[in-house]
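Worksheet: the structure to be examined is printed underneath.
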């Protein structure tokens, strides 16, 4: 058994298909660990890449983060490089993936203004120049 020691309580915990453990502590810290508990990467508000995190989801080697300021951000898990930012109308409350038999085809994003944004996985993967 391995124990991950974090400085703050964990609000959200995910594991991707490659065994990376992603934890969100506090409202602005995201940490990535190996399956053996070795700390690999961190993102915090000090990096100015992370606002207040409301939710997150993994998709293969990507981390999709929903923020209180209405941005959906996509990071590569293995180096936490920001690869896509999608502005939405209001604060993001929840993210879920739609599995179409053998692959994920859509991402559903619940917004604070009572709307649900539906995005294709291809839109999430699209690289942008930031």
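Residue numbers (the numbering used here): 10 to 139. We treat Cβ as the ideally placed atom computed from N, Cα and C, and that holds for glycine.
Rounded C-alpha distance that separates residue i from residue j
{"i": "residue 51", "j": "residue 63", "result": "17 Å"}
{"i": "residue 9", "j": "residue 45", "result": "Because residue 9 is not part of the residues shown, which for the chain are 10 to 139, the question remains open."}
{"i": "residue 122", "j": "residue 111", "result": "32 Å"}
{"i": "residue 21", "j": "residue 91", "result": "19 Å"}
{"i": "residue 1", "j": "residue 105", "result": "The requested residue 1 is not part of the displayed model; the chain covers only 10 to 139."}
{"i": "residue 33", "j": "residue 27", "result": "18 Å"}
{"i": "residue 81", "j": "residue 94", "result": "6 Å"}
Burial state of residue i, where buried means 16 or more other Cβ atoms lie within 10 Å
{"i": "residue 38", "result": "buried"}
{"i": "residue 78", "result": "exposed"}
{"i": "residue 75", "result": "buried"}
{"i": "residue 97", "result": "buried"}
{"i": "residue 19", "result": "exposed"}
For residue i, three-class secondary structure by DSSP
{"i": "residue 131", "result": "helix"}
{"i": "residue 138", "result": "Confidence at residue 138 is low in this model, with a pLDDT of 38, below 50, so its placement is unreliable and the value that follows should be read with caution. Coil."}
{"i": "residue 89", "result": "coil"}
Nonlocal neighbours in the same chain, by C-beta distance under 6 Å from residue i, ignoring five residues either side
{"i": "residue 29", "result": "41 and 86"}
{"i": "residue 48", "result": "42"}
Proximity of residue i and residue j at Cβ, strictly below 8 Å
{"i": "residue 120", "j": "residue 99", "result": "yes"}
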